[in-house]
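So the structure is just underneath, and the comments pick up after that.
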Amino acid sequence: MLSRLTRLQAVAVCAVPVVALFGAAVFAPLPFSVAQPGMTANVLGDNKGTPVITVAGAPTRTTSGQLRMTTIEATGPDARVSLGDVLGNWFRTDRAVMPRDSVYPSGGNVKEIEQHNTEQMQQSQDAAARAALKYLGLSPDKVKVTLKLADVGGPSAGLLFSLGVIDKLDGNGSGGDLTGGRNIAGTGTITADGTVGAVGGVALKTQAARRDGATVFLVPKDECGEAKAELPKGLRLVPVTTLKAAVSDLVALEKGTQVPSC
Numbered sequence: 002m003l004s005r006l007t008r009l010q011a012v013a014v015c016a017v018p019v020v021a022l023f024g025a026a027v028f029a030p031l032p033f034s035v036a037q038p039g040m041t042a043n044v045l046g047d048n049k050g051t052p053v054i055t056v057a058g059a060p061t062r063t064t065s066g067q068l069r070m071t072t073i074e075a076t077g078p079d080a081r082v083s084l085g086d087v088l089g090n091w092f093r094t095d096r097a098v099m100p101r102d103s104v105y106p107s108g109g110n111v112k113e114i115e116q117h118n119t120e121q122m123q124q125s126q127d128a129a130a131r132a133a134l135k136y137l138g139l140s141p142d143k144v145k146v147t148l149k150l151a152d153v154g155g156p157s158a159g160l161l162f163s164l165g166v167i168d169k170l171d172g173n174g175s176g177g178d179l180t181g182g183r184n185i186a187g188t189g190t191i192t193a194d195g196t197v198g199a200v201g202g203v204a205l206k207t208q209a210a211r212r213d214g215a216t217v218f219l220v221p222k223d224e225c226g227e228a229k230a231e232l233p234k235g236l237r238l239v240p241v242t243t244l245k246a247a248v249s250d251l252v253a254l255e256k257g258t259q260v261p262s263c
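Per our numbering, residue 2 is the first one in the sequence shown, and the count goes up by one each step.
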C-alpha cells in the first residue's frame with residue numbers, strides 16, 4: 002500500500018511536470034513572426050544598379066528629391082519563433098510580434114509563399130502603372146512603364162510606384178518636382194483606379210523612413226492610429242485615400258499651404 006504524501010511532497014511532485022511544461026513552452030515554435038524596420042528604396046533612382054522606373058513612349062524629366070517605398074523585415078515563414086522570442090520582443094518599439102498569417106499566406110511552403118509574394122508585387126506594379134497613366138490621361142497602349150525592385154515582395158509599394166511614375170512624367174504639373182526636393186516616404190497599396198489601401202507594419206515602416214532621411218510619410222488614412230503610435234521625431238504624417246489626393250498633398254506641401262495630418 003502506498004503511503005500518503007505530505008503537502009510539501011505533493012507540491013514538489015506536481016512542480017516537476019509544470020516546470021517541464023513551461024520549459025518546453027519557452028522553446029516550442031509558435032505561430033508568430035518577429036518583424037523590424039526593413040530597407041527603403043528611392044523609386045526615382047536605381048536599386049542594385051537598375052532604374053526602378055523606366056518609361057518608353059513618352060519623354061521623362063530629371064527629378065530631384067526622393068520618393069522612398071518602405072518595408073519591414075520579418076522572420077521567415079519556416080523560422081521557429083519561441084515564447085522566449087515573443088516575450089523578448091513584445092515591449093520593444095523597434096520590433097513587432099505579429100501573427101504569422103498576417104505576414105505570410107497560410108497553407109504553403111516557403112517556395113509557394115515566395116511565389117505568392119512575387120505575384121503580389123507584380124500585380125501591384127501593374128496597378129501602379131495603370132493608375133499613374135490614368136491620372137495623367139495617357140494611354141497604356143502608347144506609353145509603357147516598367148517597374149523593377151529586386152528582393153521585395155508584396156503589394157505595399159503601389160502608392161509610391163504611382164507617384165514615382167507621375168513625377169518622372171509630369172512632376173508637379175507646373176515644371177517642378179512632385180517631391181519639392183524633399184525626401185518623402187510612404188506606404189500603401191494601389192488599385193488601377195487610384196484607390197489607396199491599408200498595409201501592415203506601418204509603425205515599423207515609419208522608423209525605417211526616418212532612419213533613411215525622410216521627413217514626410219504618406220500613410221493610408223485608416224492606419225493613422227498605428228502610424229502615430231511609435232512615430233519618430235521629425236517625421237510628418239500625411240494621411241491619403243487616393244492617388245489624386247496624394248499628389249495634391251505633395252503639391253500643397255511644396256507651396257506651403259495646408260495639408261491634412263493624422
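We put the CB at the ideal spot given by N, CA and C, even for glycine.
- Under DSSP, the beta-bridge partners assigned to K145 are A57.
- Non-local beta-carbon contacts of M40 in its own chain, meaning distances under 6 Å to residues more than five positions away in sequence, involve T72 in chain order.
- For V200, the CB contacts under 7 Å within the same chain, skipping 5 residues up- and downstream, are S157, T188, G189, T190 and P221 in chain order.
- Contact between the region 174-186 and the region 52-60 is not established, with fewer than three Cβ pairs separated by less than 8 Å.
- Residue A204 holds the alpha-carbon nearest to the alpha-carbon of G226 among R237, R211, A204 and V146.
- DSSP places T119 within a helical segment (H, G or I) once states are collapsed to three.
- With contact defined as three or more Cβ pairs closer than 8 Å, the region 63-81 and the region 209-220 are in contact.
- Per DSSP, E224 is not a residue of any beta strand (DSSP E), being assigned neither H nor E.
- P32 has its alpha-carbon roughly 44 Å from the corresponding atom of A253.
- Runs of the beta strand (DSSP E) lying entirely within the region 62-93, each at least 3 residues long, are 67-75 in chain order.
- Taking A215 as the centre and dropping the five residues before and after it, the same chain places the C-beta of R69, N184, I185, A186 and L236 closer than 7 Å to its C-beta, in chain order.
- Close CB contacts of D86 within its chain, under the 7 Å cut and outside five residues either way in sequence, are with V35 (chain order).
- Leaving aside the five residues that flank G202 on each side, the residues in its chain whose CB is nearer than 7 Å to its CB run, in chain order, A36, I73 and A97.
- G159 carries a helical assignment under DSSP once its states are collapsed to helix, strand and coil.
- Comparing alpha carbon positions, the residue from D223, P240, L150 and L139 closest to T119 is L150.
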